[in-house]
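What follows is one structure encoded as structure tokens, with my remarks underneath.
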Amino acid sequence: MKKTSPSVFKVLLGFVMLFIAYQIPVAVLHYLRKTELFLLLLVVFMAVAWLVARWQGFSGLKVYGLTNLLKSPKHLLAGLIIGLLFFSAAFLLAVQYDIVRINYLPEPKIFWKQALLFALVTLLPVIAFDILSMGYLYRFLHRRTSPETFIIFSAIVSTGNQMYQFESGLTTLAYLFLLGVMLVSPLVMTGNLWYTIGMHWGVSIVFKLTNDVLIIENGNNPIPSQWIVIAIVIILIPVNHLFINQLSLKKHRIS
């Protein structure tokens, strides 16, 4: 069967449809603070993503880099471990240097229960965001641009998809852009979105635990804690390259 090449119109309209389908649940969470409705609407996003792929002539979500997870669990687990380790390290460094202080730490049973809960509720938002900001773009642009150009473009799109963070200042925008570079680089290396999803998932879990489970306050050190996170993100860009090569993660070709 001949491979389908959708028209530019279909590609652009597909992105617009996914963008709207993603921003609706994000707006619901931002303005209404209804997590259950947010997650339900993200399920709708996944259905829209599948329908868009079918409309464009593809078999389903694997065209956006979501290969059979049973065949590539190493990608997801490797990314998850890296995300958890490095972003936990960023938080611990902030505590160590008195940039932030922990005022309340729940007992281990409660902490791990919350960790499991956040692991479950953050996975779907991560998958949806990474499909829109990276997987969809990679499918249609990776053969038409250089890797460097694609990484920068995808990072700009991923930053733009977090519009409710724009009011937080230039440091936050710089962080979001560099985070986008860090997350999309493994996709370019592997052609597989699961490593990126795993790493993004780990980042989200650490963020939720340190912001919603622990009670923290600013320490005496005037250095912004976000600077440490930015430094970790920059370090992770070459670390991911070395780690992926070390694990010999197979390059998946998106047809």
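With UniProt numbering, the residue at position 255 of the sequence shown is 255, and numbering never jumps.
Note that the Cβ used here is the ideal one computed from N, Cα and C, for glycine as well.
List the endpoints of the continuous alpha helix (DSSP H) containing residue i.
i: I127; result: 108-130
i: I230; result: 225-247
i: E36; result: 35-55
i: E167; result: No alpha helix (DSSP H) holds E167; DSSP gives it neither H nor E.
i: K10; result: 8-27
i: L193; result: First-last for L193: undefined, no H or E at that position.
i: L137; result: 136-141
i: T149; result: 147-160
Quick check on residue i: does DSSP put it in helix, strand or coil?
i: I102; result: strand
i: residue 265; result: This structure leaves residue 265 out entirely; the chain is present only between 1 and 255.
i: Y97; result: coil
i: F58; result: coil
i: G83; result: helix
i: G198; result: helix
i: L92; result: helix
i: T67; result: coil
i: S185; result: helix
i: S204; result: helix
i: S133; result: helix
Kindly list the residues whose CB is nearer than 6 Å to the CB of residue i, restricted to its own chain and excluding five residues on each side of it in sequence; keep chain order.
i: W194; result: S72, H75, L76
i: S158; result: S133, G180
i: I228; result: A90, L93, A94
i: Q114; result: V213
i: M189; result: I244
Measure the alpha-carbon distance for residue i versus residue j and round it to whole angstroms.
i: I223; j: G169; result: 16 Å
i: I244; j: V181; result: 16 Å
i: S255; j: P25; result: Reliability of the predicted coordinates at S255 is poor, the pLDDT of 49 falling under 50, and no value is obtained from them.
i: I102; j: E217; result: 7 Å
i: E107; j: T67; result: 39 Å
i: I151; j: L141; result: 10 Å
i: H241; j: L249; result: 11 Å
i: P147; j: R33; result: 38 Å
i: L236; j: I197; result: 15 Å
i: L40; j: I234; result: 34 Å
i: F15; j: P186; result: 22 Å
Identify, in the order they occur along the chain, each residue of the same chain with its Cβ nearer than 8 Å to the Cβ of residue i, setting aside the five sequence neighbours on each side.
i: K2; result: Per-residue confidence for K2 stands at a pLDDT of 49, beneath the threshold of 50, marking its modelled position as unreliable; no derived number is given.
i: L18; result: F45, V48, A49, V52, I131, L132, Y136
i: Q226; result: T171, T172, Y175
Count the other CB atoms within 10 Å of the CB of residue i; is the residue buried (16 or more) or exposed (fewer)?
i: L61; result: buried
i: R144; result: exposed
i: R139; result: buried
i: H200; result: buried
i: Y22; result: buried
i: N211; result: exposed
Could you name the residues of the same chain whose beta carbon sits closer than 7 Å to that of residue i, not counting the 5 residues immediately before and after it, in chain order?
i: F118; result: I205, K208, L209
i: S154; result: S133, M134, L137, G180, V184
i: V203; result: G83, F87
Taking CB distances under 9 Å as the criterion, tell me whether residue i reaches chain D.
i: V184; result: Any reference to chain D falls outside this structure, which holds one protein chain only.
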